[in-house]
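Residue numbers (our numbering): 5 to 102.
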């Protein structure tokens, strides 16, 4: 059994994700094999909030190269957008960033 900290790898901090934080919608990088139910339980356990909805997407790695060397790839990740309930408190991690 994976712990909650194995499922939630790190928060994704971008302009777009910070704008969504105002509406209690947060973005995390998650384990590739985690499903929506596991992600929901992990977020509720770590941040002590109530989750209403989880959307997931697989993001494939972009092709990159350095100088004349052959082309490589960035690693592929899985993202989860988590929406909290109206009566739930906000996640402090994102509030301090914005």
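Cβ atoms here follow ideal geometry from the backbone N, Cα and C, with glycine treated the same way.
> Taking C-beta to C-beta, are residue 129 and residue 28 nearer than 8 Å?
Replying inline: Because the chain is modelled from 5 through 102, residue 129 falls outside the range shown and cannot be assessed.
> So the alpha helix (DSSP H) residue 24 belongs to, where does it begin and stop?
Replying inline: 19-25
>> My output table needs one value for residue 86: the three-state DSSP class, helix, strand or coil.
In response: strand
> Just reading off the beta strand (DSSP E) that residue 57 is part of, what are its end residues?
Replying inline: 55-63
> Do the stretch 33-43 and the stretch 64-73 touch if we need at least three Cβ pairs shorter than 8 Å?
Replying inline: no
> Is it right to say residue 9 is buried, meaning 16 or more other beta carbons lie within 10 angstroms of its own, or is it exposed?
Replying inline: exposed
>> Let me check one thing: in DSSP terms, what residues is residue 12 bridge-paired to?
In response: 34
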